[in-house]
């Protein structure tokens, strides 16, 4: 009976879907985006380490690991974001790469989110360039053709949470000292609409509403319960478990997995693409306000005192 | 490690969002809406009691309590709805008010929903005026600039459930005699699309579909499980817990919380605003039908017999 | 107190919704669709058995049972799909019928989904006709005026899962040998957008994303946890429980239940209606590819070997 049913599963399966042309336009154009960012064609290197992210590709498995190593907290500076997008796009252009595991080399922190110093005391041109880089990171990661697993081996607030949510699967170290969430409102700021879209897609409308308004940082246990992460394992087992999960995802034929991913995520991607310039304008005019700049100064002074 | 991660949370936070202009147009125009409803400018009174709702504002905490006291069941009559909207808008125009707790003075009932007598044997002009008041209540409450907590100390069917869902947070008395839900179909009627939108936003598409078709009334335990309420406490602890929860919401800077709320709720609000007149027309033509009027007569006769 | 609240539930209920004209156009036009499919007017027969589906209508309860009996695995061939749509539409045109229970006469299998032989080595005209029949089945079932309960007494992969999800309620036999899910990607194919819409409506965005990419087949226990089915009962109790559940759904006045269902499901239906021709074109051009035809040949050879 079970065998019959299993056979049935493949015999009388049917159905497929050929998405409308242009579905993976972004993926196909990633080469040109690399050129846009760097001014030079991307290199098909199989192994490369830059200053802030270590990239290792295992050609046997097709799995690359991107290990963030930008002390003290993997903050998302302009330079970091640019390196991140270029590294990921290089992997996407490498036919040997089918999956990417994203993790951190720093103890206790996955990524602390956007770098506040990029938003304080700079020119409008700088804010524009910075925000474009933030958008580019998300556009590249959220709709990547490769399978992506976040191995969250530390805290992951704000932009760090966004990176994790943009992967296909999230494994978090089961350590009550760690937390994850979009905590922007706690700092007096507001997540942009595409952060909101991403968290709604992950935990649903109601949980997202409460989470965003309160700027809630979830413990690993709470994050699992609400669906912000997919599973918890002891910290030392995160890398192994990430590799196991990735193998499950790569057991699926790439083109079918990619089209299914696009079917789910492209509408969300398209919302930002349709309003990308307005989103930049909003950021720049908001961040340029005197009141916001004063708030940022205070936050940075506090942080200096903590360090001192 | 934890300290570092915590510091990271504020150091490298980043991101914000400046919503497109007009985002809070409704909030900003509430003053004029009060004038529209009352024919006179709103008063900045800090404490006022009208016939059906007691409003108390604690200027130390910034928290107002709106206590519904319209026996026997806080039914939403035209007069009640008008008083509700005006009271809430007065609070919104009062800079000292940052949060509103909505509760009932009547034992065992939060609100029983729309008043059936307003929909039976009246003129089309009356039905139009009544339905506008129902819409106005929801438009005001669902997108209010203040933080809103429903202290649900009794049953809350139909329109009462809508009021509770339109708050930011729901605490229900853990009493198995109480129930909550959109039970319209049990009475042969249908919730309008914006009731549907509100429950989908609260409990998700599948649970809403089942709930609406069956007109399901949930016990407190079931309501918690499906996400229709956020937590249960013993009845006598509802007021204290509401105050505690409100303090959590008010710990967030108002402007960041408000913009996040709008980001989540404005698209739903805009759907009614875009179809407000058609929604009124639909209600009036439906309620004016002979078959519906006969049904309403029967329901009212039953209720009279129960009382007698 | 409870009595008062209960009384309140019916006294002060209020609200209804008269959907915009044309809301049930599809339902009203089902008669003509039967004619379109068969070339003759539908018959108001109260009991009929065709070759592949046994239809029994209990005129006392208003409940019909459609029992699929198309060995070996109730695969959805063109002939089966046509008979299914016609049978369901006959029931819809029969005023005595208020609910339909969908189940299988074959041990261990509900339905194995689309028949692969319809998609291999045929003409474009045949693929077009076949895909229209697949669409018609879903359009008819997903928005049916009658209450629909899936009595899932066996495995239900791919198109079988779609049929189950398109009912109003799902009861599955609690047998760990059975599985259910949209496993298309495991076969190298992709569910079309309206399969995707249907599963998102059933289990939410995040679970659907993971489910579709991995082509996940859920055990009954897992299916219950993720919300893909509504309850599990021992296999022998599935028919009885289906009858009990149907009675709950039929306790609601038909017109109110139908309008509520349409309020929830019509937007999803309309998406396919708006892109129906493009969806057919996509299917035909995809299935006609040499690479896909070769894959299908291999799958069929494997199946022949299993049988042999």
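Protein chains in written order, with our numbering: chain P, 18 to 325; chain U, 18 to 325; chain Z, 18 to 325. Even glycine gets a Cβ: it sits at the ideal position worked out from N, Cα and C.
When Cβ-Cβ separations below 8 Å define contact, residue 226 (chain P) makes contact with chain U.
If you compare the alpha carbons of Z:285, Z:191, Z:245, Z:221 with that of residue 181 (chain Z), the shortest gap goes to Z:245.
Not a single CB atom of chain U sits nearer than 8 Å to the CB of residue 318 (chain P).
Rounded to the nearest angstrom, the gap between the Cα atoms of residue 241 (chain U) and residue 217 (chain P) is 20 Å. Contact between the region 248-258 of chain Z and the region 287-307 of chain P is absent: fewer than three C-beta pairs spanning the two stretches fall below 8 Å.
Residue 92 (chain P) has P:130 as its beta-bridge partners, per DSSP.
Close CB contacts of residue 159 (chain P) within its chain, under the 8 Å cut and outside five residues either way in sequence, are with 183, 215, 282, 285, 286 (chain order). The beta-bridge partner set that DSSP reports for residue 74 (chain Z) consists of Z:81.
DSSP places residue 234 (chain Z) in the coil class of the three-state scheme, outside both helix and strand.
If you draw a 10 Å sphere on the C-beta of residue 185 (chain Z), you find 16 or more other C-beta atoms in it, and that means buried.
Within chain P, the residues whose beta carbon sits less than 9 Å from that of residue 221 (chain U) are 221, 222, 223, listed in sequence order. By the rule that beta-carbons nearer than 8 Å mark a contact, residue 277 (chain Z) touches chain U. Nearest Cα to residue 86 (chain P) within the set P:72, P:226, P:153, P:76: P:72. Judged by DSSP in its simplified three-state form, residue 245 (chain P) adopts coil rather than helix or strand. Going by beta carbons, residue 276 (chain Z) and residue 79 (chain Z) fall outside the 8 Å limit.
For the pair of segments examined, the region 204-213 of chain Z was found not to touch the region 189-196 of chain Z: the number of CB pairs separated by less than 8 Å stays below three. When Cβ pairs closer than 8 Å are counted between the two stretches, the region 196-210 of chain U is seen to touch the region 161-175 of chain U, the count reaching three or more. Under the three-state reduction of DSSP, residue 119 (chain P) is assigned to strand. Taking C-beta atoms as the reference points, residue 163 (chain Z) and residue 116 (chain Z) count as a pair closer than 8 Å. Residue pairing by DSSP leaves residue 274 (chain Z) without any beta bridge partner. Proximity of chain U to residue 213 (chain P) at the Cβ level (cut-off 9 Å) is accounted for by 34, 277, 280, 281, in chain order. For residue 111 (chain Z), the number of other beta carbons within 10 angstroms of its own is at least 16, and it is reported as buried. The Cβ atoms of residue 91 (chain Z) and residue 133 (chain Z) do not sit closer than 8 Å to each other. If you compare the alpha carbons of U:93, U:322, U:119, U:177 with that of residue 149 (chain U), the shortest gap goes to U:93.
For residue 138 (chain P), the secondary structure class from DSSP, reduced to helix, strand or coil, is coil.
The beta carbon of residue 122 (chain Z) sits closer than 6 Å to the beta carbons of 84, 86 from its chain, once the five residues preceding and following it are set aside; these are given in chain order. Residue pairing of residue 164 (chain U) in beta bridges, as defined by DSSP: U:116.
Around the beta carbon of residue 124 (chain U), fewer than 16 other beta carbons lie within 10 angstroms, which makes this residue exposed. Its Cα nearest to that of residue 105 (chain Z), the residue Z:67 stands out among Z:308, Z:67, Z:129.
With a threshold of 8 Å between beta carbons, residue 230 (chain U) makes no contact with chain P.
The Cβ of residue 255 (chain U) sits no closer than 8 Å to any Cβ of chain Z. Contact of residue 206 (chain U) with chain Z is assigned, a C-beta pair being separated by under 8 Å. In the structure shown, residue 264 (chain P) falls within a helical segment according to DSSP collapsed to helix, strand and coil. Shown here for residue 305 (chain P): same chain residues with a beta carbon closer than 8 Å to its own, the five before and five after excluded, namely 141, 144 in chain order. No Cβ-Cβ contact shorter than 8 Å links residue 206 (chain Z) with residue 187 (chain Z).
Boundaries for residue 269 (chain Z): no beta strand (DSSP E) harbours it, and the DSSP string shows neither H nor E there.
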